[in-house]
Every structure is written in C-alpha cells, then in structure tokens.
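According to our numbering, the stretch in the sequence shown is residues -12 to 101, in order.
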Amino acid sequence: MSKYEIAIIGPREVVLGFKAIGLQTEFSMNAEETLQKLTELKSQKVDEREKYAIIFILESHAKNIPKEEYKKITNDALPAIIALPGPEGSTGFGIERLGQIVEKAIGSNILKDK
C-alpha cells in the first residue's frame, strides 16, 4: 500500500526549501505555468488512485488563474489544492477559497468575519 504525497508549486526561491521536508517541488513563475503544473500533477496516479493528497500553490498565482479554469482544476476532493501566501504576504485569496469550501461542506461560512 503506497502513501499519498504532497507537492508545492511556485518560484524556485520560494518552494525549494520544502523539498527538505519531503514535499515534491515544482517550479513556476506565473499563473499559466502553475496551471500547467497543476494539471500535470493531478493526472499522476499510483495504483489507480491519485498520487497527491495535497498540492500547495501561491495565492498570487492562484488568483490569476482564470476563474473557470481554477474551479475546474479544484473541483475534485483529491488532491486538495491549497493556496498559500507568498513572500509578499496574504492577498486574502486562500482564506476566501477556504471559506467557500467550508460553506459548501456545511452550509455556512463559519470563517467569515461578522
């Protein structure tokens, strides 16, 4: 029985350190390259199942992927696509997306500020 893996996609100088803790690192400089790498990683299978459980991408790249493309690539349960803040700080995209997922799962966005 094989284990799921975790990957991160982003600029070399941002993601290379994650290799030291066992993450698969893929380099991209913009949203277009990130979408291409996401598509490639999502298509990888091991024993008829997804190879990756989680794929991290940078918020700055995620927010620049066309909305319909992003929705399509993140629609499946696995791998979970998680947008992380980059060196420039949070854009709010990741927490907004997480709120949408929570709302879809339980019917209310409990992460939203009142």
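Note that the Cβ used here is the ideal one computed from N, Cα and C, for glycine as well.
At the level of alpha carbons, what is the spacing between GLU13 and GLY4?
12 Å
With DSSP run on the structure shown, which of helix, strand or coil describes TYR39?
strand
Helix, strand or coil at PHE97 according to DSSP, with G and I counted as helix
It should be pointed out that residue 97 corresponds to Ile in this sequence rather than to Phe. ILE97: coil per DSSP, three-state reduction.
Out of LYS99, LYS91 and ALA64, which one is the CA nearest neighbour of LYS29?
ALA64
Check LEU45 in the structure and name its three-state DSSP category.
strand
Considering THR12, what are the terminal residues of the alpha helix (DSSP H) in which it resides?
Premise fails: THR12 lies in the beta strand (DSSP E), 11 to 14, not in any alpha helix (DSSP H).
Where does ILE68 fall in DSSP's three states?
strand
How big is the Cα-Cα spacing for ILE8 and GLN31?
21 Å
Between ARG36, GLU37 and SER47, which has its C-alpha nearest LEU22's C-alpha?
SER47
Would you say SER15 and LYS6 are within 7 Å of each other, going by their C-beta atoms?
no
Helix, strand or coil for LYS32 per DSSP?
strand
Out of ALA70, PRO66, GLY86 and GLN87, which one is the CA nearest neighbour of VAL33?
PRO66
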